[in-house]
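Numbered according to the working numbering, the sequence shown spans residues 1 to 124. All residues carry an ideal CB built from backbone N, CA and C; glycine is no exception. Okay, so here's the structure we're looking at.
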Amino acid sequence: MIWKSYTGSYLNYYQAVNYGFDNGKNSDNKTVSNPNIGYGTHTIKYANGKTREFFKIGMSANTTGISIYIIGIEDKTFLAETYGKKLGKASVTGYCIKFKKKKDIDITILAEAIQYGAKLTSEN
């Protein structure tokens with residue numbers, strides 16, 4: 001997986017979702033498949049003791065839509081319980097929010113989830 005760490009404001013990340021990446025397609029209406037944009041750095045600790053540097057907040061487009069990754073939330077039910085019903089037409093797992101098109105979700109709630117994840121993971 002290729003990602004780039006970004007130390008700027010997470011508001012800029014919100015702006016990328018809100019203004020420039022609304023359906024995961026390029027100007028020719030072709031799906032841009034699995035490009036990942038990552039912000040910040042988080043160390044993932046595996047059960048076998050190994051570690052891996054990864055992004056804190058990530059975004060990718062794929063053939064089913066757009067995925068937002070919020071890495072580092074220990075409670076795997078938190079995203080779904082806190083933001084799931086308020087987001088709109090989205091699938092929410094322990095660390096991922098998936099949606100088909102930006103118009104399907106409440107972008108303000110998505111921004112809240114991203115900001116929560118950014119704040120939480122910066123404290124860990």
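| Asked | Found |
| --- | --- |
| List the DSSP bridge partners of Y69. | G58, C96 |
| Which residue's Cα is closest to the Cα of L87: A111, R52, Y69, I73? | A111 |
| Applying the 10 Å Cβ sphere with the 16-neighbour rule, what's the burial state of K56? | buried |
| Suppose you measure from the CA of N62 to the CA of G40; what does that come to, to the nearest Å? | 22 Å |
| When DSSP builds the beta bridges, which residues end up paired with K45? | T51 |
| Classify G40 as helix, strand or coil using the three-state DSSP reduction. | coil |
| Would you check if the distance between the CB atom of M59 and the CB atom of I73 is smaller than 9 Å? | no |
| If you drop the 5 nearest sequence neighbours on each side, which residues of the same chain put their C-beta closer than 7 Å to that of F99? | G65, I66, K89, A90, I105 |
| Which same chain residues end up closer than 8 Å to T93 when comparing Cβ atoms and leaving out the 5 residues on each side of it in sequence? | K76, L79, A80 |
| Who are the near neighbours of N29 in its chain, counting only those whose CB is closer than 6 Å to its CB and skipping five residues on each side? | none |
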